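In my numbering, the protein residues as written are 1 to 119.
For each residue, glycine too, the CB sits at the ideal point set by N, CA and C.
Here the structure is a predicted model, which means the values were calculated and not measured.
This is how it looks when you write it as structure tokens:
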């Protein structure tokens, strides 16, 4: 089963996307830090079963906050088949460093540009 992880800065819509893709009801809010632990579900995506993982929002993979440690530990101890990097359209440049860090780890990535109405 493929493992797909949702990553991005806080408050970019990762949990909302997680809920839409999986039919789950993970808590969402309009402030940073609402997801403070990872949430994982097995769901049908594109006709195939996958494990979809909603990770806490982080600014980069080098940070020392509890959220960043949770994400670092998950990446270090699990094979990620695909990372969906959720970016706020209004702050793309600021958020690309996380994408580059994931690419250096050879994790396949796709971008999900969110919050177009704020750009």
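Range covered by the beta strand (DSSP E) that runs through residue i
i, result
"residue 54", "48 to 54"
"residue 87", "82 to 88"
"residue 111", "109 to 114"
"residue 92", "Careful: residue 92 lies outside any beta strand (DSSP E), inside the alpha helix (DSSP H) at 92 to 104."
"residue 61", "From DSSP, residue 61 is part of no beta strand (DSSP E); its letter is neither H nor E."
Residue i CB to nearest heavy atom of the ligand ADP below 6 Å
i, result
"residue 89", "Looking for the ligand ADP in the displayed structure turns up nothing, as the structure carries no ligands at all."
Residue environment, residue i, which counts as buried when at least 16 other CB atoms sit within 10 Å
i, result
"residue 95", "buried"
"residue 14", "buried"
"residue 92", "exposed"
"residue 87", "buried"
"residue 99", "buried"
"residue 90", "exposed"
Residue range of the alpha helix (DSSP H) that includes residue i
i, result
"residue 43", "Note, residue 43: premise wrong, no alpha helix (DSSP H); beta strand (DSSP E) at 39 to 45."
"residue 76", "66 to 77"
"residue 19", "14 to 22"
Cβ neighbours of residue i in the same chain (closer than 8 Å, five flanking residues each side left out)
i, result
"residue 103", "109"
"residue 12", "57, 86, 87, 88, 95, 114 and 115"
Own chain partners of residue i with C-beta closer than 6 Å, once the 5 adjacent residues on each side are dropped
i, result
"residue 58", "67, 68 and 71"
"residue 80", "3, 5 and 107"
Cβ separation of residue i and residue j, assumed to be a contact under 8 Å, to the nearest whole Å
i, j, result
"residue 7", "residue 112", "Rounded, the Cβ-Cβ distance is 10 Å, inconsistent with contact."
"residue 4", "residue 52", "5 Å"
"residue 2", "residue 40", "Not a contact, Cβ separation roughly 13 Å."
"residue 64", "residue 43", "Not quite, the Cβ-Cβ distance comes to about 32 Å (not below 8 Å), so this is no contact."
"residue 101", "residue 61", "5 Å"
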